Structures are given as C-alpha cells and as structure tokens.
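**Student:** Chains as they are written, first to last, in the numbering used here: chain V, 408 to 673; chain G, 2 to 522.
Supplied in structure tokens, the structure appears directly below.
The following block contains the structure:
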C-alpha cells in the first residue's frame with residue numbers, strides 16, 4: 408500500500424471540488440490531473456480509491472474532467488447535508504423533508520422531462536422558471552387525488568406526501584422571502600436557491616423578464632441521476648415492505664435499473 | 002388552462018359530498034346522512050365565524066359595526082366578486098376585489114358619518130383576510146367533525162378563496178376553490194350544482210350586469226388573454242429547447258396557423274365591444290361616458306399592439322423548431338434511468354412519514370458533501386486573531402493597510418507613569434519601615450519638596466488610596482491606613498494648583514501591627 412497518500416489526496420481534493428471550493432482546486436490543479444489520470448489508467452489505483460470512497464461513506468456520482476464528483480452515501484454519513492442546510496425554519500418539522508423531496512423531483516422533472524434527458528448534454532436542456540415547477544406540482548398533487556379507487560395503493564387513512572402538498576397554498580403574499588417554506592413558491596425558491604449555492608444550477612435574469620431563469624449544470628445532472636434511481640428503488644422497497652399494491656403497469660420482477668450503489672463509471 | 006380544468010372537473014357536488022358515492026351503494030343510516038350534512042355544512046363555517054369574530058379594533062369608541070354593515074353580505078359579495086373577476090383570467094387581486102365590493106357596501110350605510118371610508122375599507126380588508134385565512138398563513142381552514150359512520154373524529158381542510166401562483170407581477174391573485182363555489186352558488190336557488198351549471202350561472206350573471214364598465218373589464222381581460230397566450234408561446238419555445246421530442250411539429254405549425262385565426266377572432270371581439278360602447282353612447286350622453294369611451298379606445302389600441310406581437314412570435318416558432326431539430330437525431334439510450342415523471346408520481350404516492358425518510362436520504366445523497374468542521378482550538382484562535390487584525394479571511398495575501406490622510410488614533414496617556422508610581426511607593430515604604438507611624442500630611446509635604454516631579458504627591462496619595470480600598474494591596478505594601486482623629490480635617494496645598502483635603506491619616510506598618518495583635522491574643 409504505497410499509494411495511500413495519493414489515494415487519500417484524490418479523495419480529499421475531490422471532496423473540495425464537489426463542495427465547490429475553487430481555491431483548493433486551482434492551487435492543486437496539476438496534482439489533481441496526474442491523480443485523475445492514474446485513477447483512470449491504473450486498475451489497482453482505481454480499486455483502492457473506490458475502497459477509500461466506500462470507507463468514508465461517500466459515493467461516486469461522476470468522473471468529471473477536473474476531479475471526481477462525490478456525495479454522501481446515506482443520511483447518517485459524516486458528510487451528509489441535512490435539512491438544516493436548507494434553513495433553520497424548514498428544519499423545524501421533520502416531515503418537511505417529504506415536501507422538499509417532492510419539490511426536488513418536480514424541479515428535476517421540469518429540467519429532464521424524459522429519461523434520455525438525464526444523459527443529454529446540459530447545454531441542450533434549456534431553462535426553467537419557478538412557474539414551470541408549480542405547473543408540474545399542480546398536475547401531480549391532483550393526479551394522486553383523482554386516482555381510480557381500484558388503483559388505490561394505500562389505506563385511505565394514510566396521508567400521502569401529495570396530500571401534504573395539497574394542503575399548502577401556492578403562494579403566500581405576506582412573505583416575500585422564502586423563510587418558512589409554508590407555500591409551494593417558498594419551498595421551490597428555497598430549493599432553487601440552495602441548488603444555486605451548491606453550484607448545481609446557474610441563475611440568469613433577462614432584462615425584459617422579471618423572473619429568474621435557471622439552467623442546470625453537469626454536476627446537477629449526475630447528482631440527480633443517482634438520487635432519482637435511489638428514490639425509484641426506495642419506493643420499490645416500500646411497496647415490498649408494506650405489501651402495497653403496485654402502481655398499474657409496474658412489476659417487481661423485472662428490474663431494468665442498476666442498483667444505486669453501482670453507478671457505472673465513465 | 003384554469004378554465005378548461007374547471008370545466009372538465011367532476012361536478013362539484015360530487016366532490017363536496019365525496020362520501021355519497023361510498024354510502025349510496027351501502028346502507029344509508031342516520032349516521033351517514035347526518036355526517037354528510039355536517040361535512041357539507043362545514044363549508045359555511047368560515048362565513049358564520051365572521052359574526053363571532055367581532056371586529057374589536059373599531060368597536061372601541063364607534064358604534065357596533067354589525068348594526069351598520071351586514072358582515073355576511075360582505076363575505077358573499079367578496080365571493081361573488083372573485084367569481085366574477087376570475088371568469089376570464091386565473092385570479093383577482095385583493096385590491097380589485099375590494100374595489101368592486103366597496104360601492105355595494107357603501108349603500109348599506111345609512112349616514113356617511115356613521116362609518117368613515119377608511120374604517121369601511123379597513124373592515125372589508127379584514128373580512129377578505131378572514132376568507133383567505135390570512136391569519137393562519139393562507140393555509141386551508143381546518144375543522145374537526147364527527148364521522149358517524151366511522152365512529153370517530155375527522156378533520157376537513159378546505160379553502161374558500163385560494164392564492165394562485167401566476168408568476169406575473171408583484172401582486173398575488175386569488176381565485177375561488179370548488180368549496181368556494183359551492184359555498185356561494187350552493188345557496189342560489191338552483192338544484193343543479195355541477196360545475197358546468199355553475200359556469201353558466203357565472204356567465205349569465207356577468208351578461209345581465211353588463212354595462213360600459215364591464216366592457217372595459219372585458220377589454221382588459223382580452224389583453225390578459227393575450228398575455229396568457231404569450232406565456233403559452235414562451236413555454237412552447239422552452240419545451241422545444243429542452244425536449245424537442247415532446248413537441249409535435251404539426252402542433253407547432255398548427256399554432257402558427259392558428260395565430261392568424263386567433264388574431265381575427267380577438268379583433269372581432271374588439272369590434273363587438275366597440276359596438277357596445279357606441280350603443281351606450283347613443284343612450285346617454287354625458288362626460289363620464291365619453292371618458293370611459295376614451296379609456297376603452299386606449300385599451301383596444303394596446304390590444305391591437307399585443308396581437309401583432311403575438312402573431313410575430315407565433316410565426317417564429319417553426320423556425321425555433323428547425324433550429325433545434327438536430328437533437329432529434331441524437332441516439333437515445335432508454336431503460337438505464339427511470340423517467341423522472343415516474344419518480345415524482347411515486348413520491349406523491351408515498352405515505353408522508355416514509356416520504357420524509359426518503360427525503361432525508363435523498364438530500365444527503367443528492368447534495369454535495371458538506372465540510373463538517375472538526376473541533377480545532379488552534380484554528381479557532383487563528384480565526385479570532387484574523388478577525389481582530391481585520392484581515393479578510395478569504396484573501397490569502399495579508400496586506401498592510403495604508404491610510405492616506407488618516408490620523409492615527411490618539412491613545413490615552415496616563416499622567417501618573419509607572420516610574421512615578423514606583424517612586425511614590427518607595428517613598429512611602431521607606432518612611433513606613435523606619436517609623437512606628439507616619440502621618441499622611443508629613444508624607445505629602447515631603448513629596449511636594451521634590452521640584453522635578455510635581456505629580457509625586459498625587460502618586461503618593463493614590464498609593465495610599467489603593468491600600469485603603471484593596472486590603473491585599475495594603476498587605477503587600479506592608480502598611481495599614483488608620484484614622485488619626487475622626488473630627489479634624491486638613492487641607493494642604495500641592496504644586497500645580499492642586500489641594501489635598503481630608504482626614505488625618507496614619508500609616509502603620511503591618512507586621513508590627515500583626516505582632517501586637519498576636520501578643521494581645
């Protein structure tokens with residue numbers, strides 16, 4: 408194990424890179440380049456780095472030209488970002504995470520309407536505004552409600568995430584800042600702002616338009632790819648666990664998706 | 002879009018009494034019937050609550066508002082106005098609604114002195130705020146009721162007037178919910194409660210009340226429809242850029258073709274409005290009407306401009322499609338990743354508790370790793386000292402601040418310097434050690450003799466003072482200060498215009514004192 412220094416170094420610098428620390432990256436650019444080349448060329452080195460990443464409860468989202476894009480493997484991880492990072496007010500009720508999840512998925516749906524968009528170059532994906540997300544939420548919050556009773560997968564007593572969403576107003580005219588997350592718009596703005604700060608989205612404002620427009624970055628695309636697979640499987644597990652009836656056109660047997668832990672590396 | 006949804010939505014009565022479908026096949030019991038009535042009547046509760054609310058602020062000195070204004074009337078008038086204003090667009094702002102209601106309420110007040118216009122508008126605002134549940138952050142009204150069939154308490158949540166997001170302008174728009182329509186139109190003397198009937202009712206109301214004001218309103222609303230169309234075009238353009246597969250080229254072409262058709266349609270509408278105004282002009286000829294006609298003309302002109310713009314935009318759509326059409330030939334690899342719509346659908350179906358758990362995991366996996374600060378005292382001290390030195394923590398090159406034209410801050414210079422105090426202390430100690438007891442005045446007199454140090458007496462006096470107030474300093478110096486006589490005072494002139502006034506003090510060496518104490522003990 409003579410490579411310990413290099414392995415740890417690559418993981419450390421990739422952590423800094425994923426977190427958006429430009430100073431560290433620009434200071435060690437040449438070193439990173441060498442490490443990355445070794446990562447892609449040497450099989451033993453590659454394996455060792457992956458081991459290291461696993462040991463630190465991280466996961467590899469994507470091998471990017473500058474460094475590895477990493478994120479926490481699960482919620483209990485040391486590097487996991489928590490609800491508190493979305494603002495103190497949002498963190499107060501533990502169930503808020505469900506609403507944030509809905510909003511995150513709706514934002515992703517607005518950016519990537521079809522599954523092939525998750526692989527398309529981000530430059531081709533265009534922009535979204537907060538209104539697009541609201542439109543999607545409107546459709547899905549209602550879709551669950553008007554589902555055919557025969558397809559009912561849950562006991563009617565159980566409140567669903569969509570129901571929580573339906574009981575929030577779309578907009579709260581009294582608060583112009585998205586502090587409490589007590590309306591759709593506040594939640595959406597909070598999520599979008601958070602993703603701008605984490606470098607997942609870029610925001611633009613055209614002169615004629617009063618609305619903020621958002622564009623995705625490759626980092627966002629690779630992060631949502633892994634996370635959406637996770638959510639998809641999480642639902643599968645819930646179904647199996649709770650013996651819920653499946654959604655129409657859904658079978659447990661065939662699993663075309665790779666499990667979340669094995670993200671194919673490029 | 003909103004309107005379409007409303008028309009295709011299932012009849013309101015079914016939604017309101019959703020239990021009907023369940024219970025009709027089963028046995029109808031008293032429990033189920035009563036529950037249904039209770040469930041439906043909850044809709045009226047926010048309106049009845051108005052009476053109980055007692056608008057206390059105005060009640061302080063003025064007459065009881067309930068004698069002057071019928072609060073229930075106000076509430077229903079607001080619901081009516083919202084329904085009227087939302088006939089052609091997605092929502093009505095609070096201001097619009099209140100403006101529309103005010104004249105009708107004014108008529109209720111018998112004498113103008115009874116209620117000032119400010120108080121009236123205040124009242125209307127309060128009623129409106131109550132109907133939108135502003136006090137509770139615009140969340141739905143929530144009432145508990147007993148479900149007889151199930152034999153337990155349940156909650157019903159609903160809005161009467163709900164804030165809708167439009168993304169346009171600064172003002173929030175409000176529209177009636179299905180419950181709101183049921184609350185208002187349910188009390189009309191009509192049997193059919195389905196939404197198409199309600200829609201017809203609303204249109205009929207509007208036509209029956211038609212006048213020039215409404216013509217202007219319709220013109221404005223047409224303008225708003227243009228805005229909506231423009232929004233539609235913008236969305237389509239975004240969709241083309243984002244996901245060209247989801248757009249049918251024929252639809253784009255049809256839209257462009259429709260553009261011309263729609264333009265003529267709106268033009269016809271404007272012509273009809275024009276006609277309407279002309280008719281009105283023939284009936285009444287006063288200044289007011291003329292002004293309104295001018296206003297209408299202005300709206301029509303703006304409308305025409307918007308139309309031209311719209312047609313141009315529409316015709317550009319096929320070009321956009323062609324520009325982005327290269328994406329159509331890209332290889333698509335399906336089946337590796339789940340479509341996000343499917344993911345979102347699943348999320349919406351999750352029970353709330355599980356959704357929160359999944360959400361927390363999602364956030365952890367999705368967001369970039371967070372640098373967790375490890376406890377490091379050295380780093381903290383470093384940060385603090387950096388802050389103290391006013392060095393920016395981000396810039397890594399520490400630079401010396403140079404202030405041109407800056408004056409250095411004047412620091413306070415103590416007049417009683419360290420050597421001076423030491424000299425004073427030494428002087429006292431010398432005297433105290435050599436004699437049994439030293440009079441304070443003798444010490445001061447001796448100190449005044451020192452020509453080159455005019456502040457020496459002060460140093461001496463201060464050392465003595467320190468020994469009095471701080472017992473330990475006195476002990477360290479080796480003397481104790483005692484009062485010679487209680488009633489006599491002295492005053493000595495010191496150099497520099499100073500004067501010492503006070504008791505006769507005696508300095509007694511402490512070790513001798515303690516020896517004496519121990520002997521006596």
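Where a beta carbon is used, it is the ideal one built from N, C-alpha and C, also for glycine.
Nothing here was measured: the structure is a model prediction, and the numbers come from that model.
Three-state secondary structure (DSSP) at residue 488 of chain V?
**Tutor:** In this structure, residue 488 of chain V counts as coil in the three-state DSSP scheme.
**Student:** Quick check on the DSSP output: the beta strand (DSSP E) that includes residue 611 of chain V runs from which residue to which?
**Tutor:** Unbroken beta strand (DSSP E) run through residue 611 of chain V: 608 to 611.
**Student:** Between residue 97 of chain G and the rest of its own chain, which residues show a CB-CB distance below 7 Å, the 5 nearest in sequence each way excluded?
**Tutor:** The residues are 86.
**Student:** My parser needs the alpha helix (DSSP H) runs of 4 or more residues fully inside the stretch 315 to 355 of chain G; what are they?
**Tutor:** The stretch 315 to 355 of chain G contains these whole alpha helix (DSSP H) runs: 341 to 350.
**Student:** Alpha carbon to alpha carbon, how far is residue 149 of chain G from residue 509 of chain V?
**Tutor:** Approximately 34 Å, taken between the alpha carbons.
**Student:** How about residue 108 of chain G: is its C-beta nearer than 7 Å to some C-beta of chain V?
**Tutor:** Taking Cβ atoms only, chain V never reaches closer than 7 Å to residue 108 of chain G, which makes this a no.
**Student:** Is it right to say residue 139 of chain G is buried, meaning 16 or more other beta carbons lie within 10 angstroms of its own, or is it exposed?
**Tutor:** So residue 139 of chain G counts as buried.
**Student:** Does DSSP put residue 469 of chain G in a helix, in a strand, or in coil?
**Tutor:** Residue 469 of chain G: helix per DSSP, three-state reduction.
**Student:** Determine, for residue 647 of chain V, whether the minimum Cβ-Cβ distance to residues of chain G falls below 7 Å.
**Tutor:** No, its Cβ sits nowhere closer than 7 Å to a Cβ of chain G.
**Student:** Taking the C-alpha atoms as reference points, what is the distance between residue 610 of chain V and residue 413 of chain G?
**Tutor:** Those two C-alpha atoms are separated by around 53 Å.
**Student:** What separation, rounded to the nearest whole angstrom, lies between the Cα atoms of residue 589 of chain V and residue 81 of chain G?
**Tutor:** Computed Cα separation, rounded: 28 Å.
**Student:** Report the neighbours of residue 91 of chain G on chain V: residues whose CB is nearer than 9 Å to its CB, in chain order.
**Tutor:** Residues of chain V passing the Cβ test: none, with the nearest at roughly 11 Å.
**Student:** Which residue comes first and which comes last in the alpha helix (DSSP H) that contains residue 118 of chain G?
**Tutor:** Looking at the DSSP string, the run of the alpha helix (DSSP H) that includes residue 118 of chain G is 118 to 132.
**Student:** Using a cut-off of 8 Å between C-beta atoms, extract the partners of residue 338 of chain G located in chain V.
**Tutor:** The answer, in chain order, is 522, 525, 526, 632, 635, 636 and 664.
**Student:** Which bits of chain V does residue 173 of chain G rub up against, with CB to CB less than 7 Å?
**Tutor:** Here the neighbours are 578 and 580.
**Student:** In the stretch 421 to 460 of chain G, which residue ranges form an unbroken alpha helix (DSSP H) of at least 4 residues, counting only runs that do not cross its ends?
**Tutor:** With a minimum length of 4 residues, the continuous alpha helix (DSSP H) runs that stay inside the stretch 421 to 460 of chain G are 441 to 450.
**Student:** What does residue 164 of chain G touch in chain B if you count any residue whose Cβ is under 8 Å from its own?
**Tutor:** The chain labelled as chain B is not found among the protein chains of the depicted structure, namely V and G.
**Student:** To the nearest angstrom, report how far apart residue 233 of chain G and residue 348 of chain G are at their CA atoms.
**Tutor:** Taking the straight line from one Cα to the other gives about 28 Å.
**Student:** What does residue 140 of chain G reach in chain V if we use C-beta pairs closer than 8 Å?
**Tutor:** Those are 574, 575, 576 and 589, listed as they occur along chain V.
**Student:** From the beta carbon of residue 372 of chain G, is the nearest beta carbon of chain V less than 7 Å away?
**Tutor:** Yes, because at least one Cβ of chain V sits closer than 7 Å to the Cβ of residue 372 of chain G.
**Student:** Can you give me the C-alpha to C-alpha distance between residue 31 of chain G and residue 144 of chain G, rounded to a whole angstrom?
**Tutor:** If you take the alpha carbons of residue 31 of chain G and residue 144 of chain G, they lie about 21 Å apart.
**Student:** Show which residues of chain G have a CB atom less than 9 Å away from the CB atom of residue 426 of chain V.
**Tutor:** Within 9 Å Cβ-Cβ: 369, 370, 371 and 372.
**Student:** Buried or exposed for residue 466 of chain V, going by 16 or more other Cβ atoms inside 10 Å?
**Tutor:** It is buried - the Cβ of residue 466 of chain V has at least 16 other Cβ atoms within 10 Å.
**Student:** Between residue 249 of chain G and chain V, is any beta-carbon pair separated by less than 7 Å?
**Tutor:** So no, residue 249 of chain G is outside the interface.
**Student:** Check residue 112 of chain G in the structure and name its three-state DSSP category.
**Tutor:** Residue 112 of chain G falls in the coil class under three-state DSSP.
**Student:** Once DSSP output is grouped into helix, strand and coil, what is the label at residue 595 of chain V?
**Tutor:** Residue state, collapsed to three classes: helix.
**Student:** Quick check on residue 26 of chain G: does DSSP put it in helix, strand or coil?
**Tutor:** Reliability of the predicted coordinates at residue 26 of chain G is poor, the pLDDT of 47 falling under 50, and the value obtained from them is presented with this limitation in mind. DSSP places residue 26 of chain G in helix when its eight states are reduced to three.
**Student:** Let me see if you follow: with CB-CB separation under 7 Å, is residue 345 of chain G close to chain V or not?
**Tutor:** Closer than 7 Å to some Cβ of chain V, the Cβ of residue 345 of chain G qualifies, so yes.
**Student:** Just how far apart, CA to CA, sit residue 368 of chain G and residue 624 of chain V?
**Tutor:** Roughly 13 Å between the two C-alpha positions.
**Student:** Is residue 532 of chain V helix, strand or coil by DSSP?
**Tutor:** Note: residue 532 of chain V maps to coil in three-state DSSP.
**Student:** State yes or no: is the beta carbon of residue 434 of chain V nearer than 7 Å to at least one beta carbon in chain G?
**Tutor:** It does not; no Cβ of chain G falls within 7 Å.
**Student:** Checking 7 Å against the spacing of the C-beta atoms, do residue 372 of chain G and residue 426 of chain V come in under that value?
**Tutor:** Result yes, Cβ atoms of residue 372 of chain G and residue 426 of chain V sit closer than 7 Å.
**Student:** According to DSSP, what are the bridge partners of residue 165 of chain G?
**Tutor:** G:174, per the DSSP bridge assignment.
**Student:** At what residues does the beta strand (DSSP E) containing residue 492 of chain G begin and finish?
**Tutor:** Unbroken beta strand (DSSP E) run through residue 492 of chain G: 480 to 495.
**Student:** At a CB-CB cut-off below 7 Å, which residues of chain V make contact with residue 359 of chain G?
**Tutor:** Per Cβ cutoff of 7 Å: 508, 638 and 641.
**Student:** Cβ atoms of residue 174 of chain G and residue 132 of chain G: under 7 Å apart, would you say?
**Tutor:** Not closer than 7 Å, so no.
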